[in-house]
Amino acid sequence: MTTPVSDDVAGKCIYCLLPKPGSREHLVPRSIGGNLVGRRVCKACNTGMSDIDQHLGDNAVVSMMRVANTPAGSFDVKLGGEQVLDDPSGRRVPVAIRNQYAPSLHPMMRFTPTPAGAEVGVHFSEAVDAKRLARFIDKHREAAFAELHSKRVDWLDAGEAAVVMHRAKDGYLAVADDAAEPRARALLVEKADELIAILEGSFPEAATIAQPRVQIAAELRLNDLYRAVAKVAFNLLAHRTADDFVLRSDFDDLRQYILGRDVRDVEGPDGAVVPDPRFVTWALDGQPFTFRDMEHTVVMTGHDGRLIAVVTIYRSFVFMVDMGPFRPPWSYPQVLVVRGDRQETRWLDLTECVELMREHGRPEDAAT
Ligand SMILES: [Zn+2]
């Protein structure tokens with residue numbers, strides 16, 4: 000059973016409770032491949048929460064699974080943060096890590112100071128990238144490179160600078176230190192013709208870097224990650240229940256938390272600040288509802304008078320969301336499965352859920 004679009008119509012936005020028209024909202028964020036769409040979130044709330052959806056896909060650990068799991072032919076995903084790899088000559092170069100961990104070099108022209116001036120190095124994966132870099136330098140030549148913004152980076156050696164394209168049509172001047180920047184700008188202004196000629200010339204096949212050693216840096220904003228997970232559960236709850244169910248005041252605290260209006264950092268052991276513990280717990284040691292062939296699953300059930308959602312992302316990251324009091328119409332677990340092929344989102348009843356667990360459970364489950 001495929002349910003691509005919900006025909007939910009409700010008078011009020013399920014987050015701000017204002018009587019506003021609904022907008023297209025991905026119930027499971029598109030950043031992790033969700034395709035089920037609902038219309039119970041107003042445009043302002045939808046837009047306001049898009050950064051936590053993105054963070055769910057981008058944050059360090061989930062992002063690694065996302066990049067590993069997204070097929071090469073699917074939509075383009077990229078590991079968050081700045082990634083650097085060591086090339087065969089021992090130099091560090093910035094790269095993008097894309098679908099299924101394919102690293103691609105950012106096209107780059109690197110200037111290394113020498114007693115006589117500078118040595119110019121060119122890094123790229125395909126010839127077409129060199130041409131892009133040539134066009135980029137040509138574009139900035141008109142304004143004498145005044146509009147080429149610069150950034151201090153730690154992957155260059157002392158005195159080095161580089162023109163780097165980190166996006167299809169955009170780039171920056173990377174500099175190792177204060178001395179490098181004016182030298183690089185002077186070189187660009189003075190030698191632009193020659194530099195462009197180098198890039199437009201013919202190159203031997205770019206070398207393949209076998210088993211690159213990639214240094215991964217990404218940030219983990221736990222409160223944002225938890226809010227995004229809670230939102231998935233709440234969106235699905237709204238989708239599966241009568242119009243007014245999620246509008247109950249039972250869910251007001253959760254609403255404020257997901258919206259980011261009431262997020263509390265609390266003091267943990269040894270004075271460390273830990274993320275808001277009221278709604279979401281990361282079940283680091285448990286995989287209670289994992290199906291081998293399914294990317295994400297959400298199971299909702301009652302426990303101790305509370306409505307609990309178990310949200311599993313990429314079969315690996317299990318979160319428990321305490322959503323509010325457990326009340327009718329909930330009488331059995333409800334399961335959402337987003338299939339591995341990203342084309343189908345399925346709701347299962349309890350019988351189907353148990354069957355899938357038998358069929359697709361981990362091998363160690365079958366033994367017990
Ligand atoms: Zn709203």
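Residue numbers (numbering that gives the first Met the number 0): 0 to 367.
Even for Gly, the Cβ is constructed at its ideal location relative to N, Cα and C.
Cα-Cα separation, residue i to residue j
i, j, result
"Gly158", "Arg182", "9 Å"
"Thr427", "Gly21", "With the chain covering only 0 through 367, there is no way to say anything about residue 427."
"Gly119", "Met108", "According to the sequence displayed, residue 119 carries Val and not Gly. For Val119 and Met108, the distance between alpha carbons rounds to 7 Å."
"Pro203", "Ile31", "The pLDDT assigned to Pro203 is 49, lower than 50, so where the model puts this residue is not dependable, and the model offers no usable value."
"Asp388", "Val127", "Summary: the structure shown does not reach residue 388, with the chain confined to residues 0 through 367, and so no result is reported for it."
"Asp85", "Ala161", "16 Å"
"Asp156", "Leu132", "22 Å"
"Tyr313", "Arg90", "34 Å"
"Ala237", "Asp303", "21 Å"
"Phe368", "Asn34", "An answer regarding residue 368 cannot be provided, because it is not within the stretch 0 to 367 covered by the chain."
"Ala167", "Ala95", "12 Å"
"Val163", "Ala101", "19 Å"
"Glu180", "Tyr171", "12 Å"
"Glu351", "Glu294", "17 Å"
"His148", "Leu104", "20 Å"
"Val353", "Leu347", "9 Å"
"Glu24", "Ala178", "49 Å"
"Asp146", "Val36", "Correcting the residue type first, residue 146 is Glu in the shown sequence and not Asp. Glu146 and Val36: Cα-Cα distance of roughly 41 Å."
"Thr280", "Pro18", "32 Å"
"Ile208", "Pro268", "With a pLDDT of only 44 at Ile208, under 50, the local geometry of the prediction cannot be trusted, and the value read off the model is given with reservation. One C-alpha to the other measures close to 44 Å."
"Gln99", "Asn68", "6 Å"
"Arg345", "Met299", "14 Å"
"Phe135", "Pro106", "11 Å"
"Arg97", "Ser248", "43 Å"
"Asp275", "Arg184", "47 Å"
"Glu193", "Arg39", "58 Å"
"Met48", "Gly323", "21 Å"
"Glu125", "Ser315", "35 Å"
"Leu224", "Thr311", "13 Å"
7 Å Cβ cutoff met for residue i and residue j
i, j, result
"Val320", "Ala308", "yes"
"Ala129", "Phe123", "yes"
"Arg65", "Val83", "no"
"Asp137", "Ile195", "yes"
"Ala173", "Val152", "yes"
"Arg305", "Phe325", "yes"
"Leu78", "Ser88", "no"
Supposed contact pair residue j and residue i - C-beta distance, whole angstroms, cut 8 Å
i, j, result
"Val262", "Asn222", "5 Å"
"Leu258", "Cys44", "7 Å"
"Leu26", "Phe110", "49 Å between Cβ atoms; not a contact."
"Phe233", "Leu253", "6 Å"
"Val273", "Leu235", "27 Å between Cβ atoms; not a contact."
"Trp154", "Pro112", "Rounded, the Cβ-Cβ distance is 16 Å, inconsistent with contact."
Would you call the stretch 135 to 145 in contact with the stretch 63 to 73, where contact means no fewer than 3 C-beta pairs closer than 8 Å?
no
Would you call the stretch 49 to 58 and the stretch 219 to 229 touching, i.e. three or more CB-CB distances under 8 Å?
yes
Touching or not, the stretch 234 to 247 and the stretch 9 to 17, by the rule of three or more beta carbon pairs under 8 Å?
yes
What runs of the beta strand (DSSP E), each 3 residues or longer, lie entirely inside the stretch 116 to 196?
116 to 122, 149 to 151, 160 to 164 and 170 to 174
Just list the alpha helix (DSSP H) runs in the stretch 55 to 84, keeping only unbroken ones of 4 residues or longer that don't cross its boundaries, in chain order.
59 to 68
What runs of the alpha helix (DSSP H), each 4 residues or longer, lie entirely inside the stretch 220 to 294?
221 to 239 and 251 to 258
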